[in-house]
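> Structure in structure tokens, see below.
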Amino acid sequence: MVEKRELNWKKHFLVFFITILIFLSGFFFSNFFLGKKIVQATNLQQDLILDILSLETQFSLLTEMPCKGWDESILTEQLQVIGQKLSEIGGRLGENNPDFIRFKKYYSILEIKSWLLLKKSIQNCKLNLVPIFYFYGSEKECGQCQDQSFLLGYFHEKYPSLRIYSFDYNLGLGVLQTLKSMYSLKKDLPIIIVNGKVYYGFQNKEAIEKILKEYLLENQIESATSTLFQE
Amino acid sequence: MFFGEILIYLIIFSGLYFSIFIFWVFLENQGRIYQKEKNKKFPLVSLIVPCYNEEKGVEKTLYSLISLDYPKDKLEIIFVDDGSLDSTLQKAKLIQKKDKRIKVFHQENKGKFMALNLGLEKTKGEFIATVDGDSYLHSSALKRAMKFFENPEIKAVSGTAKLIKPRNLIEGIQRVEYLIANFWRKIFSFLNSLYLTSGAFSVYRREIFETLGPFRDPKLFQTEDLEMAFRLQKENLKIVQAMDAFVYTRPPFGFMSLLKQRTRWYAGFLQNFKEYSCLLSIKKYGNLAFFLWYIIFSVLFSIILVGYFIQRGFEFFLQLLNQFILTDFDFSYFFSLPKNWEFLNLNITPLFVLTILCLFVFFFNFFLSRKLSFDSQPYKKGIFFFIFLYPYFNALWWISAFWSFLSKNKKEFLWLKKEN
């Protein structure tokens with residue numbers, strides 16, 4: 039006969055305790071890495087400010103030959119990296135987290151600042167770049183924003199001369215309000231603004247191609263050296 | 002947090018809990034994994050070999066039995082042909098001519114448990130061993146298993162089944178499964194919670210058949226081994242696992258045969274569960290009840306989780322299809338290498354960390370099981386595909402088993418409904 043059959047509560051309790059500790063350490067490690075990522079994003083934002091300042095100064099210094107040695111691509115790349123980090127942080131902290139919203143506001147300001155600089159360089163240096171503003175909203179209010187974001191990403195990959203600046207329509211930020219009133223925007227998401235022209239609602243591949251055709255001639259679309267676009 | 006995420010956390014937690022518990026018990030008992038003392042006695046053992054259409058393996062099985070390292074005069078082999086349609090019976094008779102310890106019997110096809118019971122009637126041994134017709138024993142398997150019976154409290158010893166060199170991926174996956182299951186069973190036996198005596202090879206004291214009756218298989222799922230173990234557990238009789246009493250067996254060939262086998266096994270498990278639901282009483286059966294509850298919940302959770310993964314996979318497929326449509330099937334975009342490698346900077350979520358930890362725990366379990374089973378065969382593909390495919394296979398087997406169990410018990414369930 040088997041001796042008295044009991045559940046060894048003490049052992050189970052200790053194992054439970056150890057499991058909890060290990061389980062929590064998983065959260066601890068993950069939060070540790072998240073903290074590092076936030077610091078990384080903050081540093082990148084600081085770097086971007088420096089880059090913008092440096093380019094602005096460069097622009098002012100070289101009044102004679104402002105376009106000599108001009109390279110804005112670093113801004114675009116950095117903005118992209120920060121954008122990616124931001125979406126990861128958003129995924130972890132939650133879209134409504136105050137820290138995340140603060141990051142997003144900061145990022146939007148940087149986007150606008152780099153756009154202003156880009157605009158200047160397009161005018162003066164005759165660069166073949168097409169800036170696009172894109173306003174999106176939450177999944178609830180804008181069912182097709184996800185598809186629109188994907189398509190814009192697709193076009194950015196196809197035409198490297200596109201510069202896409204994405205903004206959360208609902209982000210309470212003064213500078214965004216100014217931007218909205220500049221173009222008299224109404225809330226019909228998604229919104230795309232190309233060269234001052236506002237396009238409301240989802241734009242499919244064909245529609246975007248048609249819009250871009252106005253600014254990029256077909257034979258020059260693939261070529262990064264063309265200088266057709268002028269605002 | 003989404004439902005799926007909560008479910009994954011729950012499964013990870015319970016998996017970690019179970020693994021730590023197993024490891025704890027292993028550390029407490031690591032000196033008792035094998036019976037190191039030599040056999041003091043060699044009592045008469047009757048080996049019953051029930052066979053149905055086993056012409057391919059029967060010779061190897063019988064030769065392995067006559068070559069066992071056990072006193073020749075202390076062994077009788079009862080071969081029972083369960084109405085085979087092939088040459089199984091003829092082959093057994095041929096081998097019988099070479100070794101008179103083999104006794105061959107024949108019955109019309111009535112099922113494995115009936116063949117075992119016929120064999121049981123013909124035995125004289127103090128101990129009864131059962132060996133499957135498609136399996137063969139390690140020469141020391143019986144000797145090693147018999148050592149445990151020096152302890153009069155032990156009523157049954159289950160052998161350790163190993164798979165013969167896998168012929169395909171599915172067999173490779175099963176080999177990993179068998180290996181880990183053997184280790185866990187050993188741990189269960191330390192806690193008096195072993196709920197299975199291996200059908201491939203097990204040894205019982207004769208007295209248990211005299212007191213508890215012969216083998217039973219009410220719904221013919223061919224899980225008489227499981228039923229016997231449940232019955233022994235119900236009566237608080239001790240079963241142990243002999244980690245070094247190896248029996249080699251070949252799994253069913255091909256996916257469908259495997260599905261059939263597992264449906265039978267798991268439906269048999271559910272059937273016995275229904276018959277012996279009293280074993281779920283934690284107060285009465287302690288650790289055994291705990292493990293049985295654990296099995297129930299882990300099966301249910303894993304089925305739901307696999308369902309969730311399939312749903313997510315389907316969603317991903319739809320999303321991809323939508324993106325193909327959005328780009329007018331411009332596949333060049335999807336196959337172009339990303340210019341920005343920032344995405345490689347992994348998003349280290351708690352789930353990611355815990356999944357890595359679980360993988361580590363799994364590999365630890367695997368290597369420990371391998372070491373304790375003296376296994377040095379390579380497992381390259383098997384282990385990789387085990388991780389990715391086993392959860393899906395397992396869920397499928399259980400769903401199929403639930404279906405089979407319900408259809409065989411339909412009448413009873415309908416009757417219950419009417420009564421209510």
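Chains as they are written, first to last, in this note's numbering: chain X, 39 to 269; chain F, 2 to 421. No residue lacks a Cβ here, since even glycine has one placed at the ideal position from N, Cα and C.
I want to verify the contact list: residues of chain X whose CB lies under 8 Å from the CB of L327 (chain F), in sequence order.
Simply D185, F188, L189, Y192, N242, K243.
> Mind pulling the chain F residues with CB within less than 8 Å of T57 (chain X)?
F14, L17, Y18, I21
> Considering just the uninterrupted stretch of the beta strand (DSSP E) at L164 (chain F), what are its terminal residues?
155 to 164
> Three-state secondary structure (DSSP) at E77 (chain F)?
strand
> Tell me which residues of the region 133 to 166 of chain F have at least one Cβ-Cβ distance to chain X shorter than 8 Å, keeping chain order.
E154
> What residues in its chain sit with their C-beta under 7 Å from that of A396 (chain F), if we drop five residues either side in the sequence?
S303, I304, V307
> So if I threshold CB-CB distances at 9 Å, which residues from the region 274 to 288 of chain F count as touching chain A?
Checking the listed chains, one finds no chain A in this structure; the protein chains it contains are X and F.
> With a threshold of 16 other CB atoms inside 10 Å of the CB of L167 (chain X), please say whether the residue is buried or exposed.
buried
> Name the chain F residues whose beta carbon is nearer than 9 Å to that of S18 (chain X)?
Since the first residue shown for chain X is 39 and the last is 269, residue 18 (chain X) is missing from the structure and cannot be characterised.
> Compare the Cα-Cα distances from V236 (chain X) to each of X:L200, X:Y192, X:I170, X:D206 and report the closest residue.
X:I170
> Could you tell me the alpha carbon to alpha carbon distance between A130 (chain F) and V204 (chain F), rounded to whole angstroms?
Between A130 (chain F) and V204 (chain F), the C-alpha separation is close to 4 Å.
> Examine chain X for any beta-carbon lying closer than 8 Å to the beta-carbon of F291 (chain F), and answer yes or no.
Chain X, which has a Cβ nearer than 8 Å to the Cβ of F291 (chain F), makes this yes.
> Does the beta-carbon distance from F61 (chain X) to L28 (chain F) come in below 8 Å?
no
> Of all the CB atoms in chain F, is at least one closer than 8 Å to the CB of F205 (chain X)?
no
> What's the C-alpha gap between T265 (chain X) and L254 (chain X)?
Caution applies to T265 (chain X), whose pLDDT of 34 falls short of 50 and renders its modelled position unreliable; the value that the coordinates give is listed next. Between T265 (chain X) and L254 (chain X), the C-alpha separation is close to 9 Å.
> Use the C-beta contact count for F55 (chain X): other C-beta atoms within 10 angstroms, 16 or more gives buried, fewer gives exposed.
exposed
> Is there a Cβ from chain X that is less than 8 Å from the Cβ of N237 (chain F)?
yes
> What residues in its chain sit with their C-beta under 6 Å from that of E6 (chain F), if we drop five residues either side in the sequence?
none
> Alpha carbon to alpha carbon, how far is L86 (chain F) from P72 (chain F)? Give it in angstroms, no decimals.
If you draw a straight line from the Cα of P72 (chain F) to the Cα of L86 (chain F), it comes to about 34 Å.
> I want to verify the contact list: residues of chain X whose CB lies under 8 Å from the CB of Y334 (chain F), in sequence order.
Y192, E195, K196
> Taking the straight line between their C-alpha atoms, what separation do you get for G212 (chain X) and S152 (chain X)?
17 Å
> Report the residues of the region 164 to 179 of chain X with a CB closer than 8 Å to any CB of chain F, ordered along the chain.
none
> Does the beta carbon of R201 (chain X) sit closer than 8 Å to a beta carbon anywhere in chain F?
no
> Which residues in the same chain have their Cβ closer than 6 Å to the Cβ of I67 (chain F), if we skip the five residues on either side of it in sequence?
Answer for I67 (chain F): D100, listed in chain order.
> With a threshold of 8 Å, are at least 3 pairs of Cβ atoms found where one atom belongs to the region 80 to 94 of chain F and the other to the region 148 to 162 of chain F?
Touching, no, given that fewer than three Cβ pairs across the two stretches are closer than 8 Å.
> Please compile the residues from chain F whose C-beta is within a distance smaller than 8 Å of the C-beta of V232 (chain X).
Result: empty, since nearest Cβ-Cβ is about 19 Å, beyond 8 Å.
> Please confirm whether L259 (chain F) and I171 (chain F) have their CB atoms less than 8 Å apart.
yes
> Going along the chain, which unbroken runs of the alpha helix (DSSP H) with 4 or more residues stay wholly within the region 66 to 149 of chain F?
89 to 99, 113 to 123, 142 to 148
> Does the separation of the CB atoms of A230 (chain F) and L280 (chain F) fall below 8 Å?
no
> Name the residue from F:L238, F:F210, F:S408, F:A201 whose alpha carbon lies nearest to the alpha carbon of R43 (chain X).
For the residues F:L238, F:F210, F:S408, F:A201, the minimum Cα distance to R43 (chain X) belongs to F:L238.
> Answer with yes or no whether the minimum CB distance from F65 (chain X) to chain F is below 8 Å.
Answer yes: the Cβ-Cβ gap between F65 (chain X) and chain F drops below 8 Å somewhere.
> Compute the beta-carbon to beta-carbon distance between A93 (chain F) and L63 (chain F), rounded to the nearest angstrom, for a pair I have assumed lies under 8 Å.
7 Å
> Can you list, in chain order, the residues of its chain with a C-beta nearer than 7 Å to that of L138 (chain F)? Leave out the 5 residues immediately preceding and following it.
S65, L66, L69, V132, F202, V248
> Considering only C-alpha positions, which residue in the set X:N69, X:L156, X:F138 is nearest to T80 (chain X)?
X:F138
> Count the CB pairs spanning the region 61 to 75 of chain X and the region 353 to 372 of chain F that are closer than 8 Å, and state whether there are at least three.
With the cut-off at 8 Å, the region 61 to 75 of chain X and the region 353 to 372 of chain F touch.
> Identify the contact partners of L45 (chain X) in chain F, using a Cβ-Cβ distance below 8 Å as the criterion.
I283, G287, N288, A290, F291
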